[in-house]
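Trainee: Taking the numbering used here as reference, the numbering of the sequence shown is continuous, increasing by one, and the terminal residue is 276.
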Amino acid sequence: MRRPYEDPLRLLAEYDERALRTAHVGVLLPWANVAVETELPRFGLRHVVFHFARLVPASRTTAVDDAFWHGLREAASPAMESLSHIPLDGVLLACTSAGFTSDTPLPTGVVTAFDVLRESLRLLGAERVALSAPYPKDVTRAEADALGRAGVEVTEWSALDLEDGYPSVTPDQIRSVVRAIPPEGLKVAQALVLSCTGWHTQELLGEIQAVLDKPVVSSNVAMALYAARLATGVRHDGRHAPEAHPATEHTHPPVGPARRRAAGGQTGGRGEP
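(1) Could you say which of Ser161, Asp167, Glu84 lies nearest to aspartate 68 if we only look at CA atoms?
(2) If alanine 16 sits next to histidine 50, beta carbons under 8 Å apart, how far is it from one beta carbon to the other, in whole angstroms?
(3) Under 8 Å between the Cβ atoms of valine 119 and tyrosine 229?
(4) Determine the burial state of glycine 47: buried for a count of at least 16 other Cβ atoms within 10 Å of its Cβ, exposed for fewer.
(5) Quick check for students: name the residue ranges of the beta strand (DSSP E) that lie wholly in the stretch 159 to 217, counting only runs of 3 or more.
(6) Throw me the rounded Cβ distance for the glutamine 205 and arginine 45 pair, which I believe falls under 8 Å.
(7) For the candidate residues Ala66, His88, Val113, whose alpha-carbon lies nearest to that of arginine 277?
(8) Going by C-alpha to C-alpha distance, which of Ser179, Val28, Thr158, Val224 sits closest to serine 87?
(9) Under a CB-based cut-off of 8 Å, is alanine 136 close to chain D?
(10) In its own chain, which residues sit with a C-beta less than 6 Å from the C-beta of proline 276, not counting the 5 before and 5 after it?
(11) Can you tell me the Cα-Cα spacing of valine 30 and proline 81, whole angstroms?
(12) If I'm right that leucine 43 touches asparagine 223 with Cβ under 8 Å, what's the distance once you round it to whole angstroms?
(13) With distances taken between CB atoms, is the gap from alanine 2 to alanine 234 smaller than 8 Å?
(14) Report the rounded CA-to-CA distance for leucine 3 versus proline 185, giving the unit in angstroms.
(15) Here's the rule: buried if 16 or more other CB atoms are within 10 angstroms of the residue's CB, otherwise exposed. What is threonine 41?
(16) Whole angstroms is fine: what's the gap from threonine 64's alpha carbon to tryptophan 72's?
(17) Taking 8 Å as the threshold (C-beta atoms), are arginine 131 and glutamine 176 in contact?
(18) Could you give the C-beta distance for valine 37 and proline 137, rounded to a whole number, given that I count them as a contact under 8 Å?
(19) Of all the alpha helix (DSSP H) runs that stay within the bounds of the stretch 86 to 162, which reach a length of 4 or more residues?
(20) Compare the beta carbon distance of alanine 133 and glycine 188 with 8 Å and say whether it is the shorter of the two.
(21) Please report how far the alpha carbon of arginine 13 lies from the alpha carbon of valine 220, in whole angstroms.
(22) Looking at the unbroken alpha helix (DSSP H) that takes in serine 80, where does it start and where does it end?
(23) Can you tell me whether threonine 143 is buried or exposed, with buried defined as 16 or more other CB within 10 angstroms of its CB?
(24) Report the CB separation of proline 60 from alanine 78 in whole angstroms; it is logged as a contact under 8 Å.
(25) Tell me whether valine 155 is buried or exposed, calling it buried when 16 or more other Cβ atoms sit within 10 Å of its Cβ.
(26) Could you pull the start and end residues of the alpha helix (DSSP H) that proline 44 belongs to?
(27) Tell me whether valine 51 sits in a helix, a strand or coil according to DSSP, three-state version.
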């Protein structure tokens with residue numbers, strides 16, 4: 004087993020240095036989420052442009068439950084239409100829990116924050132992780148199970164047990180939920196996952212990493228890593244894009260509705276799992 008990468012933020016900076024093009028990334032946001040738009044630009048990626056669209060579930064609710072998760076995924080296709088004139092390299096559904104709680108189909112090419120979180124852990128070489136989240140305990144347990152099915156062992160987890168209000172979670176609450184992880188499980192974990200795109204974790208990443216002496220991966224860091232890799236010419240499936248151009252040039256095919264119309268295809272269809 005290879006030693007896990009020590010610092011996700013340093014890996015992010017290395018991808019940014021290796022950029023071959025400017026990547027345009029669509030971000031489909033739950034309608035009450037303000038953390039993603041705050042944090043993604045602050046990672047300082049020089050070769051990524053984020054394009055945001057908001058998702059309003061049919062239930063018009065914000066608390067995490069089946070109606071919310073299904074509603075977000077169902078709203079993805081209409082939201083993609085608002086981005087259809089942008090040649091996108093990739094599209095993110097910026098909700099972690101919607102990635103492991105629902106199988107409602109997504110538009111072709113859309114990946115969830117949970118998908119890229121799993122991929123980030125693979126890149127970091129982290130096969131055993133501790134998990135903290137603001138979610139209800141049953142949702143956090145479901146995420147631990149989903150990570151396990153994906154080959155990532157969750158040694159221990161902790162949760163704030165909140166159904167809603169994640170943007171209002173304070174730094175002290177985040178520190179507290181991390182401290183609540185049983186110490187034996189935290190000790191054997193190779194990394195800590197701070198799951199959820201909706202709470203503001205960015206300013207605490209370095210602090211918590213220094214205290215724990217192990218990598219700390221948030222959902223928003225994982226999305227930034229996904230975007231930065233696209234700028235190096237690597238797709239989410241790990242393969243290289245057909246061509247790599249200078250960082251100021253963008254000529255490869257878009258994803259989403261614009262690409263399907265250009266190919267004479269239909270909208271809809273399943274996204275990546």
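Cβ atoms here follow ideal geometry from the backbone N, Cα and C, with glycine treated the same way.
From a predicted model like this one, the values you see are computed outputs, not experimental measurements.
Mentor: So, from the listed chains and residues:
(1) The residue given as residue 68 occupies position 65 in the sequence shown. Out of Ser161, Asp167, Glu84, Asp167 has the C-alpha closest to the C-alpha of aspartate 68.
(2) The count along the sequence shown starts at 1 and reaches residue 16 at position 13. The count along the sequence shown starts at 1 and reaches residue 50 at position 47. Not quite, the Cβ-Cβ distance comes to about 12 Å (not below 8 Å), so this is no contact.
(3) Mapped onto the sequence shown, residue 119 falls at position 116. Mapped onto the sequence shown, residue 229 falls at position 226. Yes, Cβ-Cβ distance for valine 119 and tyrosine 229 is below 8 Å.
(4) As a first step, residue 47 is located in the sequence shown; it is residue number 44 there, counting from the start. Glycine 47 should be labelled exposed.
(5) 194 to 197
(6) Taking the sequence shown and counting its residues from 1, one reaches residue 205 at position 202. Taking the sequence shown and counting its residues from 1, one reaches residue 45 at position 42. That pair is a contact at about 6 Å.
(7) Because the chain here runs from 4 to 276, residue 277 falls outside it and cannot be looked at.
(8) In the sequence shown, counting from the first residue as 1, residue 87 sits at position 84. Out of Ser179, Val28, Thr158, Val224, Val28 has the C-alpha closest to the C-alpha of serine 87.
(9) Within the model displayed, chain D is absent; a lone protein chain is all it includes.
(10) The residue you call residue 276 lines up with position 273 of the sequence shown. Because the pLDDT of proline 276 is 28, which lies under 50, any placement of that residue in the model is unreliable, and the number read from its coordinates should be weighed accordingly. Same-chain partners within the cutoff: there are none.
(11) Locating residue 30 in the sequence shown gives position 27, where the first residue counts as 1. Locating residue 81 in the sequence shown gives position 78, where the first residue counts as 1. Computed Cα separation, rounded: 13 Å.
(12) For the purposes of this step, residue 43 is identified with residue 40 of the sequence shown, where counting begins at 1. For the purposes of this step, residue 223 is identified with residue 220 of the sequence shown, where counting begins at 1. Contact flag correct, Cβ pair sits at about 6 Å.
(13) Outside the displayed span of the chain (4 to 276) sits residue 2, for which this structure offers no information.
(14) A query on residue 3 cannot be resolved here, the shown segment of the chain reaching from 4 to 276 and no further.
(15) Taking the first residue of the sequence shown as 1, we reach residue 41 at position 38. Answer is exposed; the Cβ neighbour count stays below 16.
(16) Locating residue 64 in the sequence shown gives position 61, where the first residue counts as 1. Locating residue 72 in the sequence shown gives position 69, where the first residue counts as 1. C-alpha separation (whole angstroms): 10 Å.
(17) Your numbering for residue 176 matches position 173 in the sequence shown. Your numbering for residue 131 matches position 128 in the sequence shown. Not a contact, by the Cβ cut-off of 8 Å.
(18) Taking the sequence shown and counting its residues from 1, the one referred to as residue 37 is at position 34. Taking the sequence shown and counting its residues from 1, the one referred to as residue 137 is at position 134. That belief does not hold up - the Cβ atoms of valine 37 and proline 137 are roughly 14 Å apart, past 8 Å.
(19) 116 to 127, 140 to 152
(20) Translated into positions along the sequence shown, residue 133 becomes position 130. Translated into positions along the sequence shown, residue 188 becomes position 185. In contact: alanine 133 and glycine 188 (Cβ atoms closer than 8 Å).
(21) Numbered from its first residue, the sequence shown carries residue 13 at position 10. Numbered from its first residue, the sequence shown carries residue 220 at position 217. When rounded, the distance between both Cα atoms is 12 Å.
(22) If you number the sequence shown from 1, residue 80 lands on position 77. Taken as a continuous stretch (DSSP letters only), the alpha helix (DSSP H) holding serine 80 covers 69 to 84.
(23) One-based indexing of the sequence shown puts residue 143 at position 140. Burial call: buried.
(24) For the purposes of this step, residue 60 is taken as residue 57 along the sequence shown, with counting starting at 1. For the purposes of this step, residue 78 is taken as residue 75 along the sequence shown, with counting starting at 1. That pair is a contact at about 6 Å.
(25) Here the question's residue 155 lines up with position 152 in the sequence shown. Buried, by the Cβ-count rule.
(26) Here residue 44 refers to the residue found at position 41 when the sequence shown is read from its first residue. Its alpha helix (DSSP H) spans residues 38 to 45.
(27) As a first step, residue 51 must be located in the sequence shown, where it is residue number 48. If DSSP states are grouped into helix, strand and coil, valine 51 belongs with the strands.
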